[in-house]
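Under this note's numbering, think of the first position of the sequence shown as 98, with each following residue one higher.
Everything below concerns the one structure shown next.
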Amino acid sequence: MHYNNINKKVIIFLILGFVAFLTLLILYINFEQKRLIDKKQALNKIEVFEKKMLEKYNGNHEIQNSYKNQIASLKEAVSKNEQYSQDKLEQKIEEIKNKITK
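Have a look at this one:
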């Protein structure tokens with residue numbers, strides 16, 4: 098009788114632990130999905146960035162060509178995926194800005 102009571106407690110504890118694990122997993126997946134943007138949104142962000150930088154450095158063809166080359170490779174990387182991490186995209190844009198302005 099004593100073991101039966103302990104077994105019930107252990108089973109209940111395991112079930113609650115499993116439910117808590119699944120809940121946390123679902124929350125994590127949901128959070129990650131919100132940080133992903135689709136390919137069209139990512140390419141739009143890149144286009145806006147490209148226009149801003151080309152206007153900013155209007156007349157300096159060396160910098161403009163450098164931006165165009167790096168932005169073209171970023172567009173290529175984004176277009177290979179259906180979804181892209183918003184954080185990763187912003188990081189890549191910052192890297193391009195920093196490379197050019199140095």
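Backbone N, C-alpha and C define an ideal beta-carbon position, used for all residues, glycine too.
The model shown is predicted, which means the values in this text are computed figures rather than measured ones.
Of the candidates PHE115, ILE143, PHE118 and LEU133, ILE143 places its Cα closest to the Cα of ASN166. DSSP places TYR164 inside the alpha helix (DSSP H), whose first and last residues are 158-176. The bridge partners DSSP lists for LEU133 are SER182. Here the alpha carbon of ILE112 sits roughly 11 Å from the alpha carbon of LYS105.
When ASP135, VAL145 and PHE146 are compared, the shortest CA-CA separation from TYR181 is found for ASP135. Classified as exposed, ILE108 has fewer than 16 neighbouring CB atoms from the shown chains inside 10 Å of its CB.
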